[in-house]
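Structure first, commentary second.
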Amino acid sequence: MQNILLIFIKNPRPGHVKTRLARTMGDAAALRIYRLLLEKTRSAALRCGAEKWLWYSEHIEDGDEWPAGEFLKKVQTGRDLGERMEAAFSEAFAAGAS
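Numbering-wise (my numbering), the sequence shown opens with residue 15 and increments by one.
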């Protein structure tokens, strides 16, 4: 058995992240906040001893801030968040996650 940390992110695009916040602050400010939250998540994950799987909402962004040597990059599948999480957890358990 191995430990696998699953991280679900939305591809950072204006108008697609932190949409409720964007209603009052605007898309650009919401995107800046989302990027700060991603940085905090990435920093915490890099300190974690588990294998790290990063699940993008739309497509894998090559050359982004998530080092490929540290994160196995995948694309979420499913119609809604529940299905996407179920698919990711099923794949992790099939790979021997505990």
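Even for Gly, the Cβ is constructed at its ideal location relative to N, Cα and C.
Relative to the C-alpha of residue i, which residue among the options is closest?
i	options	result
residue 12	65, 31, 64	Outside the modelled stretch of the chain, which goes from 15 to 112, sits residue 12, for which no answer is possible.
residue 45	61, 26, 103, 37	26
residue 95	66, 19, 72, 62	72
Let me check one thing: in DSSP terms, what residues is residue i bridge-paired to?
i	result
residue 23	70
residue 16	111
residue 85	66
Ignore the nearest five residues each way along the sequence and tell me which others in residue i's own chain have a CB closer than 7 Å to its CB.
i	result
residue 47	32, 35
residue 74	87, 89
Less than 8 Å between C-beta atoms, sequence neighbours within five positions excluded: which residues of the same chain meet that for residue i?
i	result
residue 80	56, 68, 87
residue 42	28
Decide if the segment 41-57 is in contact with the segment 79-88; the criterion is three or more beta carbon pairs, one per stretch, under 8 Å apart.
A contact exists between the segment 41-57 and the segment 79-88.
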